[in-house]
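See below for the structure under consideration.
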Amino acid sequence: MNKKYPFQHEYLDFALTTALAASDIILDIYNSDFKKELKDGNEPVTEADRAADMFITAAIKREFPNDSILSEECGSYVPDSPNGRAWFIDPIDGTAEFIKKNGQFAIQMGLAVDGEISFGLVLKPVGSVVYVAATGQGCWTKSSKAPWQKLVAHKPDKQDLVLASSISYPSETGIAVHKILNGTKLIKRGGVGLKLMAIAGGEADYYINDSNKTKAWDVAAPEILFKEAGGLLTEMSGKPFRYDINDYGHKNGLLASNDTALHSELLKILKSNF
Numbered sequence: 120m121n122k123k124y125p126f127q128h129e130y131l132d133f134a135l136t137t138a139l140a141a142s143d144i145i146l147d148i149y150n151s152d153f154k155k156e157l158k159d160g161n162e163p164v165t166e167a168d169r170a171a172d173m174f175i176t177a178a179i180k181r182e183f184p185n186d187s188i189l190s191e192e193c194g195s196y197v198p199d200s201p202n203g204r205a206w207f208i209d210p211i212d213g214t215a216e217f218i219k220k221n222g223q224f225a226i227q228m229g230l231a232v233d234g235e236i237s238f239g240l241v242l243k244p245v246g247s248v249v250y251v252a253a254t255g256q257g258c259w260t261k262s263s264k265a266p267w268q269k270l271v272a273h274k275p276d277k278q279d280l281v282l283a284s285s286i287s288y289p290s291e292t293g294i295a296v297h298k299i300l301n302g303t304k305l306i307k308r309g310g311v312g313l314k315l316m317a318i319a320g321g322e323a324d325y326y327i328n329d330s331n332k333t334k335a336w337d338v339a340a341p342e343i344l345f346k347e348a349g350g351l352l353t354e355m356s357g358k359p360f361r362y363d364i365n366d367y368g369h370k371n372g373l374l375a376s377n378d379t380a381l382h383s384e385l386l387k388i389l390k391s392n393f
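Every letter in the sequence shown is one number past the one before it in our numbering, and letter 64, counting from 1, is 183.
In structure tokens:
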């Protein structure tokens with residue numbers, strides 16, 4: 120992938136170089152007879168999750184020793200002299216899809232400064248598609264052979280709304296809301312990041328995740344990407360997400376949409392019916 124960048128940011132080259140190297144590690148395992156197991160919470164994990172996580176976290180510690188880290192597989196790391204910056208790492212967002220070998224999984228790296236996400240990267244190894252964003256710089260995407268393109272969330276067609284749904288863990292609440300809105304179309308994607316990027320890219324209009332198991336690493340990178348594309352992302356209550364490596368559970372679901380009026384309508388439906 121040509122790494123000529125759409126904007127300048129002190130972490131961009133590092134994040135993309137690291138994610139591409141982690142992608143190679145993941146794909147080597149993906150194309151093998153890899154090991155898989157269940158971890159705490161009955162969630163799947165593979166040797167690829169752990170190998171990629173160890174690689175990414177080691178790279179951050181080496182390059183930015185005063186940055187804190189919270190990653191799904193390696194846990195939290197706080198340096199002796201923290202600088203207010205914290206990385207939220209999901210080495211494979213969509214492990215269930217990785218196991219199914221359907222390509223619907225991604226590497227996610229989000230950076231928070233004093234609790235506010237300011238930079239994010241999502242990289243889909245299969246197809247080598249990357250999404251990057253930083254505060255005030257927009258959301259950009261690129262595949263291996265294409266130039267960088269800016270993503271801007273489109274206005275929804277209220278008569279023809281499209282729901283982004285999970286492949287392995289479809290939300291019953293999301294399906295029910297879609298029926299209330301007389302929606303008939305949906306697309307299926309793996310992981311939080313790829314669903315939000317589908318909305319940002321105009322393939323869908325909204326996404327509802329009613330799980331109480333979502334963690335900061337699931338949302339951090341996609342949030343800055345999605346917001347920079349013009350999307351709205353909140354808890355199902357309408358509250359914003361917080362990013363604290365010591366309190367990283369997001370137990371109140373997730374609501375994403377491409378329009379303020381639609382988001383308000385969805386919040387009203389959720390409050391009245393669920």
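Ideal placement from N, C-alpha and C gives every residue a C-beta, glycine not left out.
Pull up the distance between the alpha-carbon of residue i and that of residue j, whole angstroms please.
i: residue 189; j: residue 334; result: 10 Å
i: residue 210; j: residue 195; result: 14 Å
i: residue 363; j: residue 234; result: 6 Å
i: residue 310; j: residue 139; result: 19 Å
i: residue 282; j: residue 252; result: 24 Å
i: residue 272; j: residue 350; result: 6 Å
i: residue 346; j: residue 268; result: 16 Å
i: residue 177; j: residue 365; result: 20 Å
i: residue 323; j: residue 376; result: 9 Å
i: residue 153; j: residue 387; result: 45 Å
i: residue 390; j: residue 316; result: 26 Å
i: residue 383; j: residue 344; result: 21 Å
i: residue 244; j: residue 145; result: 8 Å
i: residue 255; j: residue 158; result: 38 Å
i: residue 183; j: residue 175; result: 12 Å
i: residue 160; j: residue 331; result: 12 Å
i: residue 326; j: residue 385; result: 10 Å
i: residue 360; j: residue 129; result: 24 Å
i: residue 307; j: residue 199; result: 43 Å
i: residue 295; j: residue 280; result: 14 Å
i: residue 125; j: residue 259; result: 7 Å
Counting along the chain, where does the alpha helix (DSSP H) carrying residue i start and finish?
i: residue 391; result: 379 to 392
i: residue 138; result: 131 to 149
i: residue 319; result: 310 to 319
i: residue 346; result: 335 to 347
Would you mind stating whether residue i and residue j have Cβ atoms separated by less than 7 Å?
i: residue 319; j: residue 270; result: yes
i: residue 355; j: residue 381; result: no
i: residue 208; j: residue 336; result: yes
i: residue 305; j: residue 225; result: no
i: residue 223; j: residue 213; result: yes
i: residue 328; j: residue 290; result: yes
i: residue 247; j: residue 263; result: yes
i: residue 141; j: residue 167; result: no
i: residue 215; j: residue 287; result: yes
i: residue 205; j: residue 231; result: yes
i: residue 378; j: residue 275; result: yes
i: residue 292; j: residue 217; result: no
Kindly indicate the opening and closing residues of the beta strand (DSSP E) around residue i.
i: residue 327; result: 325 to 328
Helix, strand or coil: which one does DSSP assign to residue i?
i: residue 155; result: strand
i: residue 356; result: coil
i: residue 307; result: strand
i: residue 369; result: strand
For chain B, find out if any of its Cβ atoms is closer than 7 Å to the Cβ of residue i; answer yes or no.
i: residue 273; result: The question asks about chain B, but that chain is absent: this structure has only one protein chain.
Legend entry - Start-end ranges of the alpha helix (DSSP H) lying completely within the segment 163 to 224, minimum 4 residues: Counting whole runs of 4 or more residues, the segment 163 to 224 contains the alpha helix (DSSP H) stretches 166 to 182, 214 to 219.
Legend entry - Any beta strand (DSSP E) of 3 or more consecutive residues that is wholly inside the segment 224 to 303: 225 to 232, 235 to 243, 248 to 253, 257 to 261, 268 to 270, 281 to 285
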